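Enquirer: Numbering (full-length UniProt numbering), first residue to last: 1 to 627.
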Amino acid sequence: MTDTVAPQTRKFEAEVAQVLHLVTHSLYSHKEIFLRELISNASDACDKLRFEAIANPSLSEGDADLHVDITFDADARTLTLRDNGIGMSRDEVIENIGTIARSGTRKFLESLSGDSRKDTQLIGQFGVGFYSAFIVADKVTLVTRRAGADASEGVKWESDGTGEYTISAVADAPRGTSVTLHLKEDESEFLNRWTLRSLVSKYSDHIAFPIRLPKEEEGKLTDEFETVNHVAALWTRPKSELKDEDYQSFYKALSHDFNDAASWTHNRVEGNQSYTVLLYLPSKPPFDAMFSGRDERKGLKLYIRRVFIMDASEQLLPAYLRFMRGVVDSDDLPLNVSREILQDNRLVAQIRSACIKRSLDLLEKLANDDAEKFQAFIDSFGNVLKEGIAEDAANRERIAKLLRFASTRSEGQTRTVSLDDYIGRMVAGQEAIYYVSADSFAAAKGSPQIEALRSRGIEVLLMIDRIDEWMLGYLNEYNGKRLRNAAKGDIDLTAIAGGDDKDAREAAAKAAEPVVARLKELLGERVKDVRISQRLTDSPSCLVLDEYDMALHLQRLMREAGHEVPPSKPILEINPQHALVQRIEKDTDTARATDLAVLLFEQAQIMEGAHLDDPAAFVRRVNALLA
């Protein structure tokens, strides 16, 4: 290969330079990952060529035996990985190597914690896998030619990782890409055949193309190559041949996750259509899952007869299962399938249904077999799973069974209570599952609306996640038990063990009619109504809503997000036994009684987490009463 044009020197973009500096100087905990990343890039290049050659066989250029070769030269201190895949044009080299995917780079930089062991785990998750070569190399040379391009259109890229790179044309580059690492002085271990073979087995044994090393005879390397990986895609191998370590190794390469998967399921379906499904449940959120939205999802790869077609998560799994990782390999879909075809394809609908079922089966099994791992899943992905209550009516009961919540019996705000747990602890006469929603655990647990429930030993679920109120709009009942917001509508506790005597309650309400009437007059348009509360035991007042009104804290969240919220006024419920309420009833000074009544209302607003319309007036009223 010879340069035909003088090299052009270009600067990396500023963020690329930052990443290169961090990769080169900070991220050393698992330096051997550079080999995994470069092999994965080479495998992707072979996959792309195999797919494009289906429509355009001439791209193979008479060489359809796709492979990845690893060679090294101990004297020159170079390590080279070469593939005969799709290759790159000059523009693609500049785009793919001179820059990093804009969507992830800044988040990558912002995610760095300063802990090198954790930071190293980010390699490969934001398109920076190629740059991991600079962990062990002080110079990297890349030579490439796009399949189908003329032999004179080769490209050579070279950099020492210090902020600049050179790029030039090459006259006789073969199809594909070779990456040559000029190793640093203290990285001689990667000039050892046994070390390289061990790393291939550890990180890349599942790659579906031959990874080849030069044969060794009598202690010397020969010009012949031998394949050192299994080649067969892991999901095509019988489960009886595979060990847990094999599945975990494949998961890490598939997801670029250094953590083990929490669980997995591997199934081969044969019948009217044949396909293989291998699904993984991560133990922690991969960074791409955290930063990708519902509309930009990856993680479930679609193959057709072992040919990689696309990342098809949104076609094969609903958004609420976007944390799943894995592979689907169909024997029956057409190789020229597009995303549009996938949306309306009957076979895809069957595969999607099977993937949903397998995913929920996997979660149920984990919940039954390993409570600790399942709790870790809930901590990481519980809010994502809740989206399924609204999105998947057919599986709503199964999803609800998996959800976990904090409750008035929780130790701290950890979400550990299932709806089945709750039902199993319901007191005699209780027919509903009670919950209260708030912005925080402390606000929910201290909510005055649940005082009477707690005094009777009734457990209350504490809905403290932003998604909860929206989710509960779709989850009206579970296992025949209605879910009731303790802060909405009328609550009658007379049928529950320890409930009030109905006659005594009616007598108390009649006796409180004068103070109720006075509060209505003093508060005027601030409230929809004032009434005696069956919820309160200690607090003087609380705000409640009609049964189908939007929760107050959800109204605030909607307004903060810029949405219009239908106007509604709360109902003020009072505890006629409380000294503050009795003082309002007896106070003959109308101005002072008005201040007390407004304070009673504002206290209830503050308990709901609301921002007062006039905090200064509130302070003046408090100061006047204290004085």
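Quick reminder that beta carbons are idealized off the backbone N, C-alpha and C, glycines included. Computed from a prediction, not measured in an experiment: that's the story for all the values here.
From this set, 58, 211, 235, which residue's C-alpha is nearest residue 306's C-alpha?
Expert: Among 58, 211, 235, the Cα nearest to that of residue 306 is on 235.
Enquirer: Tell me the start and end of each unbroken alpha helix (DSSP H) in the segment 288-356 that is at least 4 residues and wholly inside, in chain order.
Expert: Within the segment 288-356, the alpha helix (DSSP H) runs of at least 4 residues that lie entirely inside it are, in chain order, 313-316, 339-344.
Enquirer: Please state whether the Cβ-Cβ distance between residue 340 and residue 409 is less than 7 Å.
Expert: no
Enquirer: Given residue 612, which residues of its chain have a CB within under 8 Å of its CB, disregarding the five upstream and five downstream residues?
Expert: 602, 605, 606, 618
Enquirer: For the beta strand (DSSP E) that residue 88 lies in, which residues bound it at each end?
Expert: Looking at the DSSP string, residue 88 is not in any beta strand (DSSP E), and its letter there is neither H nor E.
Enquirer: Looking only at its chain, what residues have a beta carbon closer than 6 Å to the beta carbon of residue 289, apart from the 5 residues adjacent to it on each side?
Expert: Only weak support is given to the placement of residue 289: the predicted model assigns it a pLDDT of 46, under 50, and the value that follows is read from those uncertain coordinates. Within the same chain, residue 289 has close Cβ partners 323.
Enquirer: Taking the C-alpha atoms as reference points, what is the distance between residue 148 and residue 217?
Expert: 37 Å
Enquirer: Let me know the secondary structure DSSP gives residue 514 once reduced to three states.
Expert: helix
Enquirer: So residue 491 and residue 534 are supposed to be a Cβ contact under 8 Å. How far apart are they, rounded?
Expert: 5 Å
Enquirer: Taking all protein chains shown into account, decide if residue 180 is buried (16 or more other Cβ within 10 angstroms of its Cβ) or exposed.
Expert: buried
Enquirer: Determine, using beta-carbon pairs with one atom in the segment 30-44 and one in the segment 200-212, whether at least three such pairs fall under 8 Å.
Expert: Yes, the segment 30-44 touches the segment 200-212.
Enquirer: Determine, using beta carbons only, whether residue 463 and residue 437 come nearer to each other than 7 Å.
Expert: yes
Enquirer: Looking at the secondary structure, which residues open and close the beta strand (DSSP E) in which residue 157 lies?
Expert: 154-159
Enquirer: I'd like the list of long-range same chain contacts for residue 559, defined as Cβ closer than 7 Å, with 5 residues on each side in sequence excluded.
Expert: 565
Enquirer: Going by the DSSP bridge assignment, what does residue 266 pair with across the sheet?
Expert: 278
Enquirer: Among the residues of its own chain, which have a CB less than 6 Å from the CB of residue 191, if the five just before and after it don't count?
Expert: 72, 74
Enquirer: Residue 531 to residue 519, Cα distance in whole Å?
Expert: The alpha-carbon atoms of residue 531 and residue 519 are separated by roughly 9 Å.
Enquirer: Run through DSSP, which three-state label would residue 370 get?
Expert: Coil.
Enquirer: Could you pull the start and end residues of the alpha helix (DSSP H) that residue 41 belongs to?
Expert: 33-55
Enquirer: Quick one: any contact between the segment 417-428 and the segment 437-455, if contact means 3 or more CB pairs under 8 Å?
Expert: Put simply, the segment 417-428 does not touch the segment 437-455. Fewer than three CB pairs are less than 8 Å apart.
Enquirer: Using a 10 Å radius around the Cβ and a threshold of 16 neighbouring Cβ atoms, would you call residue 548 buried or exposed?
Expert: exposed
Enquirer: Looking at the structure shown, is residue 64 part of a helix, part of a strand, or coil, going by DSSP?
Expert: coil
Enquirer: Run the CB neighbour count on residue 623, radius 10 Å, all protein chains shown included, and call it buried at 16 or more, exposed below.
Expert: exposed
Enquirer: Grab the span of the alpha helix (DSSP H) containing residue 590 for me, first residue to last.
Expert: 590-607
Enquirer: Give the range of the beta strand (DSSP E) segment to which residue 79 is assigned.
Expert: 78-83
Enquirer: Spatial neighbours of residue 284 within its chain, please: C-beta separation below 7 Å, excluding the five flanking residues on both sides.
Expert: 259, 380.
Enquirer: So, is residue 343 buried or exposed, given that buried needs 16 or more other C-beta atoms within 10 angstroms?
Expert: exposed
Enquirer: Measure the Cβ-Cβ separation of residue 161 and residue 130 and say whether it is below 7 Å.
Expert: Here residue 161 is not near residue 130, since their CB atoms are 7 Å or more apart.
Enquirer: With residue 529 as the anchor, note down where its beta strand (DSSP E) starts and where it stops.
Expert: 529-532
Enquirer: Starting from residue 543, trace the beta strand (DSSP E) both ways and give me its first and last residue.
Expert: 541-544
Enquirer: So what's residue 12 in DSSP terms, helix, strand or just coil?
Expert: coil
Enquirer: Can you tell me whether residue 124 is helix, strand or coil according to DSSP?
Expert: A caution first: residue 124 carries a pLDDT of 36, below 50, which makes its placement in the model too unreliable to give a value.
Enquirer: Just checking my contact of residue 9 with residue 166 at CB under 8 Å: how many whole Å lie between their CB atoms?
Expert: 5 Å
Enquirer: Report the option in 168, 454, 595 whose CA atom is closest to the CA atom of residue 94.
Expert: 168
Enquirer: Among 521, 609, 610, 592, whose alpha-carbon lies nearest the alpha-carbon of residue 621?
Expert: The shortest C-alpha separation from residue 621 is found at 592.
Enquirer: Run the CB neighbour count on residue 446, radius 10 Å, all protein chains shown included, and call it buried at 16 or more, exposed below.
Expert: exposed
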